[in-house]
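Enquirer:
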């Protein structure tokens, strides 16, 4: 049986994924640009490593052809995704990533027919963004199949990895992306709502997450908004003047931000990953005014990302795959997330039209 290839294995999330993969008995090939950063992992786990640049097309295609699936965890995907997808499609190898970047997800959807023709599965968003929210949205859509709108609320994010922050900062000049009437819209002002995560109403701020793309693909719900529980840092970013956003989006602004980013820790500590819990709440509505609400409780986001990504890879290696563009719910069903330890779901009763 062909193995799993993990590209970007030496990053913060990549290391967690390697640890989880080995724990589950997999023997992946570890790849990335830096041999020096890969070797400690190789020695510790006794795994094969390959130092290779994504844009070394001939070598990359040959390496990808050795694997049953590629788990691509080297972002930002706007810079790295296309080259790896090209290699996978050329080699006939299934592609999985952790992408939550809206534009990249939209571009992947445009390659659905090509992937089907080449018998390749493209499954982006295999981490916290977007597996739990995708499965929760699909669950509500099963009970409210004519849903025309959904709001997703998330609580329990304590710190981001440098890689996640780098992606966010590269998009700082843009407003929040939502989907209205099937079309992606960039909001000119921050959107705030109240959400009860189980401990009383809390303010939540709309953010740009991949769900506005993937929930549309999975469920065809035309109106999608995603919110994080408000925090001082989030409020500061949401309320930032538009001219300042544009300034920070320039090459000089980005250089300053990346310099500050390098001073931060790689990501949440092991203690945070092992103790923090995350809550997701989804509210769907149909044209008749009926609504349904459900919540999902999961382990910490990076811990969960390693679990979901490896579980998807494990299923692909076992032959459970669907060619074309997929999400976790479209490939494995709305209950996929419940197969993971530490995840629970609670349904509120459907509310009739008023």
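Residue numbers (the UniProt record's numbering): 1 to 354.
Where is the CB? At the ideal position from N, CA and C, for every residue including glycine.
None of the values given here were measured: they were computed from a predicted structure.
1) Within 10 angstroms of its Cβ, does residue 24 collect 16 or more other Cβ (buried), or is it exposed?
2) Compare the C-alpha of residue 20 against each of 344, 313, 317 and name the closest.
3) Of all the options 149, 138, 293, 342, which has the alpha carbon lying nearest to the alpha carbon of residue 307?
4) Under the rule that 16 or more other beta-carbon atoms within 10 Å means buried, what is residue 395, buried or exposed?
5) Tell me whether the stretch 2-11 and the stretch 286-303 touch, counting them as touching only if at least three CB pairs, one residue from each stretch, are closer than 8 Å.
6) Look up residue 154 in the DSSP assignment and say whether it is helix, strand or coil.
7) Hey, how far is the Cα of residue 272 from the Cα of residue 278?
8) Our contact map puts residue 221 next to residue 211 with C-beta atoms below 8 Å; I'd like the distance itself, whole angstroms only.
9) Alpha carbon to alpha carbon, how far is residue 235 from residue 205? Give it in angstroms, no decimals.
10) Per DSSP, which one or two residues make a beta bridge with residue 195?
11) Touching or not, the stretch 38-51 and the stretch 278-294, by the rule of three or more beta carbon pairs under 8 Å?
12) By alpha-carbon positions, which one of 214, 73, 187, 31 ends up nearest to residue 63?
13) Where residue 366 and residue 219 are concerned, what is the direct C-alpha to C-alpha distance, given to the nearest angstrom?
14) Note the first and the last residue of the continuous alpha helix (DSSP H) segment covering residue 94.
15) Please state whether the Cβ-Cβ distance between residue 167 and residue 75 is less than 9 Å.
16) Quick check on DSSP: helix, strand or coil for residue 122?
17) What residue ranges within the stretch 280-354 form continuous beta strand (DSSP E) runs of no fewer than 3 residues, ordered along the chain?
18) So, with DSSP's three-state summary, where would you put residue 146?
19) Which of the three DSSP states, helix, strand or coil, is assigned to residue 356?
20) So does the stretch 88-99 actually touch the stretch 119-139, counting three or more Cβ pairs closer than 8 Å?
21) Which first and last residues belong to the alpha helix (DSSP H) in which residue 15 is found?
22) At a cut of 8 Å, does the stretch 103-123 reach the stretch 321-331 through at least three beta carbon pairs?
23) So residue 43 is in the alpha helix (DSSP H); what residue range does that whole segment cover?
24) Hey, residue 146 and residue 288: beta-carbon distance below 9 Å or not?
25) Would you give the residue range spanned by the alpha helix (DSSP H) that residue 73 belongs to?
26) To the nearest whole angstrom, what separates the beta carbons of residue 202 and residue 230, a pair I think is in contact under 8 Å?
27) Consult DSSP for residue 176 and reduce its assignment to one of helix, strand or coil.
28) Using only CA atoms, which one of 333, 105, 251, 71 lies nearest to residue 310?
29) Classify residue 139: buried if its beta carbon has 16 or more other beta carbons within 10 angstroms, exposed otherwise.
30) Check whether the Cβ atoms of residue 355 and residue 184 lie closer than 9 Å to each other.
31) Can you say whether residue 233 is buried or exposed, counting buried as having 16 or more other CB atoms within 10 angstroms of its CB?
32) Quick one, are the C-beta atoms of residue 276 and residue 158 less than 9 Å apart?
33) Can you tell me which of the three DSSP states residue 235 falls into?
34) Output the distance between the C-alpha atoms of residue 153 and residue 199, rounded to the nearest integer angstrom.
35) DSSP state of residue 221, grouped into three classes?
Expert: Result, derived from the coordinates:
1) For the purposes of this step, residue 24 is taken as residue 24 along the chain shown, with counting starting at 1. Residue 24 is exposed by the Cβ-count criterion.
2) Numbered from its first residue, the chain shown carries residue 20 at position 20. Here the closest residue by C-alpha is 313.
3) What you label residue 307 is simply residue 307 of the chain shown in a count that begins at 1. Among 149, 138, 293, 342, the Cα nearest to that of residue 307 belongs to 342.
4) Nothing about residue 395 can be reported from this structure: the residues present for the chain run from 1 to 354 only.
5) no
6) The sequence position of residue 154 within the chain shown is 154, counting from 1. Note: residue 154 maps to strand in three-state DSSP.
7) Numbered from 1 along the chain shown, position 272 holds the residue referred to as residue 272. Numbered from 1 along the chain shown, position 278 holds the residue referred to as residue 278. Rounded to whole angstroms, residue 272 to residue 278 spans 11 Å at the Cα level.
8) Looking up residue 221 in the chain shown gives position 221. Looking up residue 211 in the chain shown gives position 211. Their Cβ separation, rounded to whole angstroms, is 10 Å, which puts residue 221 and residue 211 out of contact at 8 Å.
9) Counting from one through the chain shown, the residue named residue 205 turns up at place 205. Counting from one through the chain shown, the residue named residue 235 turns up at place 235. Cα to Cα, residue 205 sits roughly 8 Å from residue 235.
10) Stepping through the chain shown from its first residue, residue 195 is reached at position 195. Note: residue 195 sits in a beta bridge opposite 202.
11) no
12) Working through the chain shown from its first residue, we reach residue 63 at position 63. Considering only alpha carbons, the answer is 31.
13) What the structure shows of the chain is the stretch from 1 to 354, and residue 366 is not part of that stretch, so it cannot be assessed.
14) Stepping through the chain shown from its first residue, residue 94 is reached at position 94. Element bounds for residue 94: not the alpha helix (DSSP H) but the beta strand (DSSP E), 94-97.
15) One-based indexing of the chain shown puts residue 167 at position 167. One-based indexing of the chain shown puts residue 75 at position 75. In this structure, residue 75 lies closer than 9 Å to residue 167 by Cβ.
16) In the chain shown, residue 122 corresponds to position 122, counting from 1. Here residue 122 sits in strand by DSSP.
17) 291-299, 344-347
18) Here the question's residue 146 lines up with position 146 in the chain shown. Three-state result, residue 146: coil.
19) Residue 356 falls outside the range modelled here, since the chain spans only 1 to 354, and no answer is possible.
20) yes
21) Position 15 of the chain shown, counting from 1, holds the residue named residue 15. Here the alpha helix (DSSP H) through residue 15 covers 12-23.
22) yes
23) Working through the chain shown from its first residue, we reach residue 43 at position 43. Run containing residue 43: 35-45, per the alpha helix (DSSP H) assignment.
24) Mapped onto the chain shown, residue 146 falls at position 146. Mapped onto the chain shown, residue 288 falls at position 288. Taking 9 Å as the Cβ cut-off, residue 146 and residue 288 qualify as a contacting pair.
25) Taking the first residue of the chain shown as 1, we reach residue 73 at position 73. From DSSP, residue 73 is part of no alpha helix (DSSP H); its letter is neither H nor E.
26) Position 202 of the chain shown holds residue 202. Position 230 of the chain shown holds residue 230. Contact holds; Cβ gap of about 7 Å.
27) Taking the chain shown and counting its residues from 1, one reaches residue 176 at position 176. DSSP places residue 176 in coil when its eight states are reduced to three.
28) Counting from 1 along the chain shown, the entry for residue 310 is found at position 310. Ranking 333, 105, 251, 71 by Cα distance to residue 310 puts 71 first.
29) The residue labelled residue 139 in the question sits at position 139 within the chain shown. Buried: at least 16 other Cβ atoms inside 10 Å.
30) The first residue shown for the chain is 1 and the last is 354, placing residue 355 beyond what the model contains.
31) Indexing the chain shown from 1 puts residue 233 at position 233. It is exposed - the Cβ of residue 233 has fewer than 16 other Cβ atoms within 10 Å.
32) Sequence index remark: in the chain shown, residue 276 carries index 276 (1-based). Sequence index remark: in the chain shown, residue 158 carries index 158 (1-based). Yes.
33) Position 235 of the chain shown, counting from 1, holds the residue named residue 235. Of the three classes helix, strand and coil, the one that applies to residue 235 here is helix, per DSSP.
34) The residue given as residue 153 occupies position 153 in the chain shown. The residue given as residue 199 occupies position 199 in the chain shown. Their backbone Cα atoms lie some 14 Å apart in a straight line.
35) Here residue 221 refers to the residue found at position 221 when the chain shown is read from its first residue. Of the three classes helix, strand and coil, the one that applies to residue 221 here is coil, per DSSP.
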